[in-house]
DNA sequence: ACAAAAATTTAGATTTGTCTAAAAATAGAT
DNA sequence: ATCTATTTTTAGACAAATCTAAATTTTTGT
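Protein chains in written order, with this note's numbering: chain A, 1 to 219; chain B, 220 to 438.
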């Protein structure tokens, strides 16, 4: 089955919002996609007719089995292109998201499989998110939030929970990126902010909000 | 200025059809773009309003200076992507056109400049067509039609005059591609067909139509 | 349990790019 | 020079994706 760009963007948004949630609300989709709730309702009807989602009016929405496959295909393309941009074209890891949003809609399957091979079948994109394989299989990452890391224990940043320009700008400013090694030195109960020591060098402070979207693994 | 995909396709079509012709007709655009003449008229009004073309009703259309710049930008993207697909992803030179038709609409200038650099600033695409540089400068190719080549003179194929699937299929079948060396052995006046000897080996016959869209240079 | 608030859907309109059918303009042939 | 054939444009309609405003359903607080 073929999909328009708009349809693909809705499918991807449902997939992303579905994590944790049982069903996704019209309002959540409207916020994610920067459209009005009324527009979301229209599209949900269309996707339901195509059997991509399960949807009953007022009851929320989830992807069908078929919908999940489609979503993983789009995410595979997005993350492979991001890897290409960083690894081959020397983009910064914080500048690739918008471009990949366009590239992910190129339809050729042959293209994406050859790109995958050219890149050496990478398993993670530059933000640390796993890349689905050509059958839609995706490595489940045991992600630990930085905000729950133990004090004085060396960890490495493995993923960021969003690709917003604002978040990526903040990370760059603090000197944090994928693979950065650090320890939590102190937690302030007042506001949940953390004091980190990066690679035994600079000390930086991050807010509770930031610490909750940074994922780490112990070293 | 930003353009929709449909607008970009019209701009590119006017550019391609303008070669040789003084002005381009509505019917020619309608044939090239597989749309009805009435749709072409609508779009021409829109592009005229954006000052991309010079157009007076019933009088045909040509690109403005600005329009030419836009067209060269799109062609640059198309040909760089074709080069990438063949050189890096190992596509056959006859399979890349359709995919490049999609990739050429990706908007990031940074992407295309980095791609150009990654590819080593190639001057010709896999069909032998020159790639405009980032300022829109394009090497004017002194193209000689195979149908006008001298008898018994070694030449090399440097370009093909169209990217239609049908043409590319025929070339593949005849064992002809970019860089193939051959000599014209005989010209049949009855139908304008040519007998060629490829690399001093096989002899193949090509029609007048085919010979007129193959471009060669003397060796 | 029920009224107010919030979320969601419906109804009707808009924009973009396309179409068909009909009208108008141009070009060609004698 | 004029009439016919061809080309092109106009007029009106449609599908996709969006919007605003109004109606409806669900949730929440007391």
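A virtual CB, placed ideally from N, CA and C, is assigned to each residue, including glycine. Being a predicted model, the structure only gives us computed values, none of them experimental.
query	result
DSSP three-state assignment for residue 159 of chain A, whether helix, strand or coil	strand
Residue 171 of chain A versus residue 94 of chain A - alpha carbon distance	9 Å
Continuous beta strand (DSSP E) stretch holding residue 422 of chain B: start and end	422-425
Pairwise C-alpha distance: residue 422 of chain B and residue 333 of chain B	43 Å
Assigned exposure category for residue 301 of chain B - 16 Cβ within 10 Å defines buried	buried
Residue from B:276, B:320, B:270 and B:305 whose Cα sits closest to the Cα of residue 232 of chain B	B:320
Three-state secondary structure (DSSP) of residue 222 of chain B	coil
Nearest-angstrom beta carbon gap, residue 155 of chain A and residue 216 of chain A [assumed within contact, 8 Å]	4 Å
Residue 91 of chain A: first and last residue of the uninterrupted alpha helix (DSSP H) it sits in	Segment: none, residue 91 of chain A is in no alpha helix (DSSP H) and carries neither H nor E.
Cross-chain neighbours of residue 88 of chain A in chain B, by beta carbon under 7 Å	337
Nearest-angstrom Cβ-Cβ length linking residue 141 of chain A and residue 157 of chain A, presumed shorter than 8 Å	Not really, about 13 Å apart at Cβ, beyond 8 Å.
Near-chain B residues of the region 89-119 of chain A - C-beta to any C-beta below 9 Å	89, 90, 91, 95, 98, 99, 102, 103, 105, 106, 107, 108, 110, 111, 114, 115, 117 and 118
Boundaries (first-last residue) of the beta strand (DSSP E) holding residue 215 of chain A	214-218
Stretch pair the region 117-129 of chain A + the region 55-69 of chain A: three plus CB contacts closer than 8 Å	no
Residue from A:53, A:145, A:149 and A:9 whose Cα sits closest to the Cα of residue 75 of chain A	A:9
Boundaries (first-last residue) of the beta strand (DSSP E) holding residue 404 of chain B	400-406
Sub-9 Å separation of residue 72 of chain A and residue 132 of chain A beta-carbons	yes
Start-to-end residues for the beta strand (DSSP E) that takes in residue 112 of chain A	Careful: residue 112 of chain A lies outside any beta strand (DSSP E), inside the alpha helix (DSSP H) at 109-118.
Any chain B beta carbon closer than 9 Å to residue 85 of chain A	yes
Beta-carbon separation (whole angstroms), residue 406 of chain B vs residue 415 of chain B, contact threshold 8 Å	That belief does not hold up - the Cβ atoms of residue 406 of chain B and residue 415 of chain B are roughly 10 Å apart, past 8 Å.
Where the beta strand (DSSP E) through residue 280 of chain B begins and ends	280-282
Distance between residue 29 of chain A and residue 41 of chain A (C-alpha atoms, nearest Å)	10 Å
First and last residue of the uninterrupted beta strand (DSSP E) at residue 415 of chain B	413-417
Delimiting residues of the beta strand (DSSP E) encompassing residue 274 of chain B	272-274
Residue range of the unbroken alpha helix (DSSP H) whose run includes residue 244 of chain B	Residue 244 of chain B -> no alpha helix (DSSP H), and no H or E assigned at all.
Unbroken alpha helix (DSSP H) run spanning residue 262 of chain B, endpoints	256-268
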